[in-house]
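Have a look at the structure below before the remarks.
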Amino acid sequence: MSPVAERPAQYKAARDELRTDAPYSFAPFTIHEWVTAPVEYFDTCLKWPMPSNYVPPIPDSAAFPDVPTLVLNGDLDSLTSPEGGMATAGAFPNSTYVEVANVTHVTAIADFDRCASLIVRRFMRKLDAGDTTCASEYNEIRLVERFGKKAESLEWGSPKQTTARVTAATVGDVIARWWSMGGFTGVGLRGGTFETAGNAHVTFELDGVRWVDDVAVSGSVTWNRTTGAIGAAVKITGKGAIAGTLALSWNDWQRTALATAGGTLGGDPFGATFPAP
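Throughout, this note's numbering is defined as the position within the sequence shown, counted from one, plus 77.
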């Protein structure tokens, strides 16, 4: 281990070398974004005292036990990479490595009965992962096409079509916020509030929630986390909206999911289908 005074320069040199020789090491993140992210602490040990006798965490001669071992890894995991998962599995003589498509850091806890949780249960009962083909069939992570402060800036077709898609995006954003909530009340991206209850079957009550500044959405949302079914019955108001009421539905587990919207906008019947948020 290097003396404390030498470590900052060594750390900088290592980062510079990555930028030059392997700039995509942490793709899609840049080297700077990755090493400064609040979930990574590469510089934590720079000031640690140097021990008089270095003892490695795991001796080089250590042999890992020949026991049934299951390693699950999301292929989009930016904390414990698939490469790291494969290396871990390779250290155990009797291991099974399963890479779960389109999943990030945790593969099985919030999975319910889709796939990864079933693999874990089966392995614990039989010491055999069994059929793991479902791990390659997870739906894609649907990204936000663009963030706009005003509805018209999104360029999502006619004013009514834009209103419907903004409404769906508002509902989708509330569901996304649920994952990081510490309680049962939350706020919209640009205003408004919502309350939520349940775990396997989640309900939301929206009060003027705004994903863009000029469209407010109020009403009820249901989310079945076991089947992926999402439904909403909402009222839309605001200067950027064609006011009215809509019923929305889509399935969060479905690949290339489409959302269906139907109701009344501007006093006229309205119906549309578009990519789910």
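The beta carbon of each residue, even a glycine, is placed where N, CA and C say it ideally should be.
Proximity to residue i [Cα-Cα], best of the options
i: N216; options: L323, G305, V279; result: G305
i: H109; options: K124, R92, D98, S295; result: R92
i: A246; options: G263, G225, G259; result: G225
i: F200; options: F141, L149, M163, S257; result: L149
i: E282; options: R84, V294, P134; result: V294
i: W327; options: G321, A338, S235; result: A338
i: H182; options: E176, R191, L204, L156; result: L156
i: V289; options: H278, A185, R242; result: R242
i: K316; options: A187, Q331, A166, K237; result: K237
i: Q331; options: A166, R198, F103, I218; result: I218
i: I307; options: L325, F103, P134; result: L325
i: P128; options: A168, V81, A114, E94; result: V81
i: M78; options: N130, A99, P136, I319; result: N130
i: A349; options: T240, V292, R254, A253; result: T240
i: G249; options: V292, D329, P159; result: D329
Buried versus exposed, by CB contacts within 10 Å (16 or more), residue i
i: D143; result: exposed
i: F119; result: exposed
i: Y174; result: buried
i: R287; result: buried
i: R191; result: buried
i: T97; result: exposed
i: W125; result: exposed
i: A139; result: exposed
i: I135; result: exposed
Chain B contact for residue i (CB, 8 Å cutoff)
i: L195; result: Absent from the structure is chain B; it holds one protein chain and no more.
Test item: CB-CB of residue i and residue j under 8 Å
i: A336; j: A310; result: no
i: A193; j: A212; result: yes
i: I440; j: T209; result: With the chain represented from 78 up to 354, any question about residue 440 goes unanswered, as that position is not in the structure.
i: G151; j: T184; result: yes
i: L123; j: Y88; result: yes
i: V298; j: T280; result: yes
i: L153; j: V180; result: yes
i: F141; j: A164; result: no
Residue i to residue j span [Cα, whole Å]
i: V221; j: G207; result: 36 Å
i: S230; j: N171; result: 55 Å
i: A274; j: E83; result: 53 Å
i: T262; j: A277; result: 17 Å
i: I313; j: L323; result: 8 Å
i: W256; j: R302; result: 12 Å
i: V258; j: V264; result: In the sequence under discussion, the amino acid at residue 258 is Met, which differs from the Val named in the question. Those two C-alpha atoms are separated by around 10 Å.
i: T113; j: P85; result: 15 Å
i: E232; j: F351; result: 14 Å
i: R198; j: L147; result: 11 Å
i: G234; j: G321; result: 18 Å
i: F347; j: E176; result: 43 Å
Stretch pair the region 268 to 279 + the region 342 to 353: three plus CB contacts closer than 8 Å: no
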